[in-house]
Amino acid sequence: MRLLPAAAGMWTAALAAAPLMQPHNTRILITVAAVLVCSVGGMALAAWMAHVTRNHAAFARRAATVLMLALAGLLLGAMAAVTHTAMRAADPVYAASAQGAALGIYRVRTTAPALRANDREADCAVDVTVEQAVLDGVQQSAHASATLQASGRVCAMIEQGARYTVHGTAQRAAWDTARVILTAHTATMHEAAMPWWHGIETLRARFFAVTARLDDQGRVLVPGVTLGLLGQDILTGARVDETYARQLEERCKQAGIMHVMAVSGGHYALIARLCTIIGALARLPRGVLAMLRLATAGMLTMLLVPGQSVTRALVMGVFAVGYALCKRPCQTMHALCWTTMFALLTDPTRAANFGFALSCSAVCGIAMMMPRIQAWCARWMPRGAAQALAMTVSAQVFTLPVQILISPQVPLWSIPANLMVAPFTDLATITGLLACLCATVCPPVAPMFATVASWCTRPIALAAGLFGTADDGCIPWAQGARVCCSCSARSPSALPCSSHCTTCTPSSSWSAAGAGAGGCTPCIQWTPHAGGGGRRPPCSWTYHGATARSEHACGLSNDTATLNIWQHTTHPAASSSAAATNTSTASPHGATPVNGLTPTRTAN
Numbered sequence: 157m158r159l160l161p162a163a164a165g166m167w168t169a170a171l172a173a174a175p176l177m178q179p180h181n182t183r184i185l186i187t188v189a190a191v192l193v194c195s196v197g198g199m200a201l202a203a204w205m206a207h208v209t210r211n212h213a214a215f216a217r218r219a220a221t222v223l224m225l226a227l228a229g230l231l232l233g234a235m236a237a238v239t240h241t242a243m244r245a246a247d248p249v250y251a252a253s254a255q256g257a258a259l260g261i262y263r264v265r266t267t268a269p270a271l272r273a274n275d276r277e278a279d280c281a282v283d284v285t286v287e288q289a290v291l292d293g294v295q296q297s298a299h300a301s302a303t304l305q306a307s308g309r310v311c312a313m314i315e316q317g318a319r320y321t322v323h324g325t326a327q328r329a330a331w332d333t334a335r336v337i338l339t340a341h342t343a344t345m346h347e348a349a350m351p352w353w354h355g356i357e358t359l360r361a362r363f364f365a366v367t368a369r370l371d372d373q374g375r376v377l378v379p380g381v382t383l384g385l386l387g388q389d390i391l392t393g394a395r396v397d398e399t400y401a402r403q404l405e406e407r408c409k410q411a412g413i414m415h416v417m418a419v420s421g422g423h424y425a426l427i428a429r430l431c432t433i434i435g436a437l438a439r440l441p442r443g444v445l446a447m448l449r450l451a452t453a454g455m456l457t458m459l460l461v462p463g464q465s466v467t468r469a470l471v472m473g474v475f476a477v478g479y480a481l482c483k484r485p486c487q488t489m490h491a492l493c494w495t496t497m498f499a500l501l502t503d504p505t506r507a508a509n510f511g512f513a514l515s516c517s518a519v520c521g522i523a524m525m526m527p528r529i530q531a532w533c534a535r536w537m538p539r540g541a542a543q544a545l546a547m548t549v550s551a552q553v554f555t556l557p558v559q560i561l562i563s564p565q566v567p568l569w570s571i572p573a574n575l576m577v578a579p580f581t582d583l584a585t586i587t588g589l590l591a592c593l594c595a596t597v598c599p600p601v602a603p604m605f606a607t608v609a610s611w612c613t614r615p616i617a618l619a620a621g622l623f624g625t626a627d628d629g630c631i632p633w634a635q636g637a638r639v640c641c642s643c644s645a646r647s648p649s650a651l652p653c654s655s656h657c658t659t660c661t662p663s664s665s666w667s668a669a670g671a672g673a674g675g676c677t678p679c680i681q682w683t684p685h686a687g688g689g690g691r692r693p694p695c696s697w698t699y700h701g702a703t704a705r706s707e708h709a710c711g712l713s714n715d716t717a718t719l720n721i722w723q724h725t726t727h728p729a730a731s732s733s734a735a736a737t738n739t740s741t742a743s744p745h746g747a748t749p750v751n752g753l754t755p756t757r758t759a760n
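Numbering-wise (this note's numbering), the sequence shown opens with residue 157 and increments by one.
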């Protein structure tokens, strides 16, 4: 726990600097970092002076220690953010893409397997590192991370670890201005992948061929539980039913069990436990067992799809091996703090990554709350059930704030759903990994293990259908204090304050006469469809008057889009509510204007 203030301070500095990590914001970033460091340094000095001059010596000494650790973390995080911003500003690819579409020749190295692209204009997408760029006839070295989008034959030749010469355009992503999208017009392989990467690609391809023989839920969930790659994202093989796959994914999110389809520390824990059992049976020395655990962890990392949670789990696994070599018990919180600081020092943008935040918060909750909850629950239930419940509750409590940031709603049935799938997740992971290994070593046995893994993932689909489709499965989370104030001023026929509500900013042409009590801006609301459970309306209506960041689920291509009140005349409840609360005339497009804002129809 002593390193927790330092890790928290470093994360705070990196997260505060995330919006400022642009080349033109370097001075502002340095100023903000200096203010943060000086503020915490002043508090630490005040605590130390209290220790010297007053009688609260013990408390002041502890407070000064905590503040000094937080100050060190803030300083390291700010330095890492400034360095990262300076390096990004000096990168020619990043600088050229900020000016628009930069046509050139790029030398790239793939760092992940090729996945099916979500963009209709491309067939595949793969994460790459741009190592060299020829822009305007000038060859320059680069080190920018980008997403390569390609079509046709280019997708068939992409392998992880290989180097390619790509002729195409580099530009910023519409949904993330810090992300570089490299669209390939033509590509040639410059350097083939190393033999081990070629073997990993062959192993994955044969495993995907085995899972293609399963039923729909097995084709979607077995690759996800095993390698962290859902079946609909696999580039090779027959396509999965998109409607069923997206519906299953959405239900898993609503039920709060989406994490079972992503790789986390559970894979590494299972591998470490298996190595420990083998070492105990074979009576291996401590050093040999440590080397075995490191080798298996490295091979597993190569096999899995790269991600921030994989990075966190790998580094913590290395720390666990170090503890074992030093003959000391593994300290989860200590290893987590060191892992967090190491990860943020190497890449400060991880502080704003939801996957990394979810992974770290789940481990933090398990390390801090699980022992006490398990001890309390063990009085009333069997030990195995108490352990499963304690792990689920502690992880859910600490990850809930991050989940709300991702989607403003609270899943009510996440704990029962996680308890339902927990007994089957480990078995599905083990049998899936065995099927992946046997797909190359012993192909006739691979379908048997894949079928067992599919049987184990069936409870996951069942829990998603049971808890993810309930009308009361989620409580929408109000966004901002003004929402509560504005919702309380609405008529009784409107949705309650817990409904999806977004505040709008009055424009110069909009009268503020409809503002709620206390000067609060009326929130943007819609009447839910019959049986819709208050979900978001379709994206076929756009109302001018306020701007908000676009949502990827609506398929909007711009970074900002005009969003306002959503209502449609085909729903009688919406029309009657609008007629009762507004005096303006109906729109010629057939939608009812609300709060004096005139709707315009746009295509989906």
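From the three backbone atoms N, C-alpha and C, an ideal C-beta is built for every residue, glycine too.
Fewer than three beta-carbon pairs drawn from the segment 537 to 546 and the segment 582 to 597 are found closer than 8 Å, and the two stretches are therefore not classed as touching. DSSP, reduced to helix, strand and coil, places Arg449 within a helical segment of the structure shown. Straight across, the Cα-Cα distance linking Leu230 with His240 is about 15 Å. As DSSP reads the structure, Gln295 sits in a beta bridge with Val290. According to DSSP, residue pairing for His323 in a beta bridge involves Ile261, Thr342. Given a length threshold of 3 residues, the segment 382 to 440 has no whole run of the beta strand (DSSP E) inside it. In the structure shown, Glu277 adopts coil according to DSSP, grouped into three states. If you draw a straight line from the Cα of Met447 to the Cα of Ala531, it is about 34 Å long. Under the criterion of beta carbons closer than 8 Å, Gly421 and Met472 qualify as touching, at roughly 7 Å. One Cα belongs to Thr382, the other to Asp503, and the distance between them is close to 27 Å. The residue from Val608, Ile522, Phe498, Ala595 with its alpha-carbon nearest to that of Ala236 is Phe498.
Only exposed fits Pro599, as fewer than 16 other CB atoms lie within 10 angstroms of its CB. Here the C-alpha atom of Ser307 lies approximately 14 Å from the C-alpha atom of Ile337. Cβ-Cβ separation between Ala170 and Gly256: approximately 29 Å, too far for a contact (criterion under 8 Å).
Pairing Ala595 with Leu370 gives a Cβ-Cβ distance that is not under 8 Å. In its chain, beyond the 5 residues on either side, Met489, Leu492, Phe554 have a beta carbon closer than 8 Å to the beta carbon of Cys520.
Nearest in C-alpha terms to Cys431, of all of Val477, Ile616, Pro572, is Val477. Around the beta-carbon of Asn274, fewer than 16 other beta-carbon atoms lie within 10 Å, marking it exposed. Relative to Ala164, the option among Gly621, Val286, Leu391, Thr496 whose CA is nearest is Thr496. For Ile522 against Ala551, the beta-carbon gap comes to about 6 Å, under 8 Å, which counts as contact.
CA-to-CA, the gap between Ala411 and Thr581 works out to about 16 Å.
The C-beta distance from Ala318 to Thr266 rounds to 6 Å, short enough to fall under 8 Å. At least 8 Å separates the beta-carbon of Pro161 from that of Val249.
In terms of Cβ geometry, His299 and Thr285 form a close pair [threshold 8 Å]. The C-beta of Lys409 has 16 or more other C-beta atoms within 10 Å across all chains shown, which makes the residue buried. Ranked by Cα distance from Phe623, the first of Leu501, Trp569, Arg276, Ala246 is Trp569. Within the same chain, Thr596 come within 6 Å of Leu359 by CB-CB distance, once the 5 residues on both sides are set aside. Nearest in C-alpha terms to Tyr400, of all of Thr392, Leu391, Leu386, is Leu386.
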